[in-house]
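All the letters of the sequence shown, read from the start, carry residue numbers 60 to 267 under this note's numbering. Quick reminder that beta carbons are idealized off the backbone N, C-alpha and C, glycines included. Here the structure is a predicted model, which means the values were calculated and not measured.
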Amino acid sequence: MSGEGDVPQAIRKLAPGKLVIASHNQGKVREIDALLRDHGIEAVSAGALDLPEPEETGTTFVANAELKAMQAADLSGLPSLADDSGMCVDALGGDPGIFSARWAGASKDFAAAMQLVETKLQETPGAGRTAHFVCALALAWPDGHIEWFEGRVDGTLVWPPRGDKGFGYDAMFLPDGETETFGEMDPARKHAISHRADAFRQLVAAVL
């Protein structure tokens, strides 16, 4: 999963120390910090460093994660980790997908975003309620080297939303085999089964 062309590259290891989390989403930063702190990694957010948020012009989760990680590494001079994630609803052709945050608008109103998903499902005759979350992680170094990893968790959508422990679309997402939505779930339980946890397991095994 190296980002350096088609020639196989040895996966680069990440040394203990500071790592920029290329996100201004504090919920996301908290989750990533919890997943990394046992590995000697000191997470610092792009927001804390006053780094700008790049325009997400990629057409895939991986492309957007790479774009964010490369900018943060370039501006900070430190290894940087970016996450691009979203919810894909099968009956909506995979929407909101890479536009998950944008559906919440400039005010990041995810209650409105969840209502929009539900409204579109109601407007789609015979629509099922299956969905999945995707998380792409891109790890970039200031010299331009990139590693990336992609995780996924499947589930169904509930209405009305349940729980206030998560963020984003968590309160309407019921993972397969579970009785609690991500919004109701204890954070440690969510960290064990989420799309982000899946991608992190791959990252930890490869670079830490």
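According to the DSSP assignment, MET146 belongs to the beta strand (DSSP E) that extends over 139-148. In this structure, DSSP gives LEU267 a state outside helix and strand, which the three-state scheme calls coil.
Fewer than three beta-carbon pairs drawn from the segment 146-157 and the segment 84-99 are found closer than 8 Å, and the two stretches are therefore not classed as touching. Under the three-state reduction of DSSP output, LEU94 falls in the helix class. DSSP, reduced to helix, strand and coil, places SER135 within a helical segment of the structure shown.
For PHE259 and GLN181, the gap between their C-alpha atoms comes out near 34 Å. Under DSSP, the beta-bridge partners assigned to GLY214 are ALA190, PRO234. By the 16-neighbour rule on beta-carbons within 10 angstroms, PRO138 is buried.
Relative to GLY117, the option among ALA128, MET173, ALA247 whose CA is nearest is ALA128.
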